[in-house]
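Participant:
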Amino acid sequence: MNNTSITATLRGNIQVISNLDLAGVLEDVLYAPDVPYNLLSVRGMQKVGMSVTFHENGGVTIEKGGKVIMTGKSQKCNLITTNFKMAKQVNNAYINYQINANNNLDNNADNGNCKLWHERLGHIGKNKFTEIKTKDLFQNTVPLNEINPTDKLCEACVYGKQSCFPFAKSKNKSHVQRPLFIVHSDLCGPITPSTIDNKNYYVTIRN
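Start counting the sequence shown at 134; every next residue gets the next number (the working numbering).
1. Please report the straight-line C-alpha distance between Pro299 and Lys206, rounded to a whole angstrom.
2. On the three-state DSSP scale, how would you describe Ala148?
3. Answer yes if the region 166-186 comes into contact with the region 245-264, meaning at least three C-beta pairs across the two stretches below 8 Å, and no otherwise.
4. Under a three-way DSSP split, which group does Arg176 fall into?
5. I'd like the list of long-range same chain contacts for Thr337, defined as Cβ closer than 6 Å, with 5 residues on each side in sequence excluded.
6. Would you kindly report the start and end of the unbroken beta strand (DSSP E) that includes Cys321?
7. For Asn131, tell me which candidate among His251, Ile139 and Gly255 has the shortest Cα-Cα distance.
8. Can Asn195 and Ile202 be called in contact, C-beta distance under 8 Å?
9. Rounded to the nearest angstrom, what separates Gly293 and Lys306 at their Cα positions?
10. Count the other C-beta atoms from every protein chain shown that fall within 10 angstroms of the C-beta of Gly191, then say buried if there are 16 or more, exposed otherwise.
11. Ordered along the chain, which non-local residues of its own chain (more than five positions away) have a Cβ less than 6 Å from that of Gln295?
12. Which class does Arg339 belong to by DSSP, given the choice of helix, strand or coil?
13. Is Asn211 buried or exposed, if buried means 16 or more other CB atoms sit within 10 Å of its CB?
14. Taking 8 Å as the cut-off, decide whether the C-beta atoms of Ile329 and Pro169 are in contact.
15. Give me the DSSP bridge partner(s) of Lys197.
16. Return helix, strand or coil for Ile213, following the three-state DSSP convention.
17. Rounded to the nearest angstrom, what separates Gly198 and Val185 at their Cα positions?
18. Can you tell me where the beta strand (DSSP E) holding Gly157 begins and where it ends?
19. Of all the options Gly145, Ile324, Lys266 and Lys259, which has the alpha carbon lying nearest to the alpha carbon of Glu160?
20. Start and end of the alpha helix (DSSP H) containing Leu249?
21. So Gln148 and Ala220 are in contact, right, with Cβ under 8 Å, and what is the actual spacing, rounded?
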């Protein structure tokens with residue numbers, strides 16, 4: 134769109150639960166950090182044997198083998214929306230996807246790079262990394278089996294955990310006459326990369 138392209142950085146399968154509480158697997162999913170929404174291809178669903186029916190009232194039903202597995206509804210933007218959730222959540226990051234032999238992760242020469250997997254999994258700590266392997270929190274932990282987490286410092290983690298000494302507290306607060314009499318505010322940004330909804334700043338306000 135607008136003569137631009139978007140790069141997908143990951144590829145794999147994701148286990149999901151539809152808005153009708155039916156479990157299934159989305160195969161050959163592409164992850165593009167610059168896309169703020171999850172997109173489903175109607176043609177792609179039809180290719181795997183699903184039937185997509187658009188109704189006059191704006192509703193949509195998606196069937197597989199004569200059974201309705203998902204429904205959706207039309208929005209003002211002429212797009213069809215539906216709700217589904219991931220099958221499992223680990224450390225606030227949905228990572229319950231199955232790695233197949235043909236996707237980018239298995240064929241990546243950097244799979245044995247501990248630093249790379251540390252970043253892929255949201256900068257988790259050494260203990261959490263070990264827990265993922267020992268408790269089989271992935272459906273397929275083969276790419277992780279040969280990786281031994283190290284104590285090497287991560288620059289991003291060091292910056293993220295920086296703190297400053299607290300400001301001296303005033304013992305005499307008689308000058309404070311009402312709530313919001315003194316307000317402390319901090320603005321942070323621009324942050325790169327942007328958030329999933331394309332935000333680059335955040336502000337904190339303390340009374």
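Note that beta-carbon positions come from the ideal geometry of N, C-alpha and C, so glycine has one too.
Facilitator: Considering the structure as presented:
1. Translated into the one-based positions of the sequence shown, residue 299 becomes position 166. Translated into the one-based positions of the sequence shown, residue 206 becomes position 73. Cα to Cα, the separation comes out at about 52 Å.
2. Translated into positions along the sequence shown, residue 148 becomes position 15. According to the sequence shown, residue 148 is Gln rather than Ala. The answer is strand: DSSP assigns Gln148 an E or B state.
3. Contact between the region 245-264 and the region 166-186 is absent, because fewer than three Cβ pairs lie under 8 Å.
4. Translated into positions along the sequence shown, residue 176 becomes position 43. Reduced to three states, the DSSP call for Arg176 is helix.
5. Working through the sequence shown from its first residue, we reach residue 337 at position 204. Within its own chain, the residues whose Cβ lies closer than 6 Å to the Cβ of Thr337, once the five positions on either side in sequence are excluded, are Asp319, listed in chain order.
6. Walking along the sequence shown from the start, residue 321 turns up at place 188. Under the DSSP assignment, Cys321 falls in the beta strand (DSSP E) whose first and last residues are His317 to Cys321.
7. Only positions 134 to 340 of the chain appear in the structure, and residue 131 is not among them; the question remains open.
8. To locate residue 195, count along the sequence shown from 1; it is residue 62. To locate residue 202, count along the sequence shown from 1; it is residue 69. With the sequence shown as reference, residue 195 is identified as Ile, and Asn is not the correct amino acid for it. Yes, the pair counts as a contact, with Cβ atoms nearer than the cut-off.
9. Your numbering for residue 293 matches position 160 in the sequence shown. Your numbering for residue 306 matches position 173 in the sequence shown. Cα to Cα, the separation comes out at about 33 Å.
10. Against the sequence shown, residue 191 aligns to sequence position 58. Classification for Gly191: exposed.
11. For the purposes of this step, residue 295 is identified with residue 162 of the sequence shown, where counting begins at 1. Excluding residues up to 5 positions away in sequence, nothing lies with its Cβ nearer than 6 Å to the Cβ of Gln295 in the same chain.
12. In the sequence shown, counting from the first residue as 1, residue 339 sits at position 206. For Arg339, the secondary structure class from DSSP, reduced to helix, strand or coil, is strand.
13. What you label residue 211 is simply residue 78 of the sequence shown in a count that begins at 1. When all chains shown are included, Asn211 counts as exposed.
14. Along the sequence shown, one-based indexing puts residue 329 at 196. Along the sequence shown, one-based indexing puts residue 169 at 36. Contact: yes.
15. In the sequence shown, the residue the question calls residue 197 occupies position 64. Beta-bridge pairing links Lys197 to Met183 and Lys200.
16. Working through the sequence shown from its first residue, we reach residue 213 at position 80. Reduced to three states, the DSSP call for Ile213 is strand.
17. Sequence index remark: in the sequence shown, residue 198 carries index 65 (1-based). Sequence index remark: in the sequence shown, residue 185 carries index 52 (1-based). Computed Cα separation, rounded: 12 Å.
18. Along the sequence shown, one-based indexing puts residue 157 at 24. According to the DSSP assignment, Gly157 belongs to the beta strand (DSSP E) that extends over Ala156 to Tyr164.
19. Along the sequence shown, read from residue 1 onward, the residue named residue 160 stands at position 27. Selected option, being the one with the closest Cα: Gly145.
20. Counting from 1 along the sequence shown, the entry for residue 249 is found at position 116. Leu249 -> alpha helix (DSSP H) spans Cys247 to Arg253.
21. Counting from one through the sequence shown, the residue named residue 148 turns up at place 15. Counting from one through the sequence shown, the residue named residue 220 turns up at place 87. With 8 Å as the limit, Gln148 and Ala220 qualify as a contact, their Cβ atoms being about 4 Å apart.
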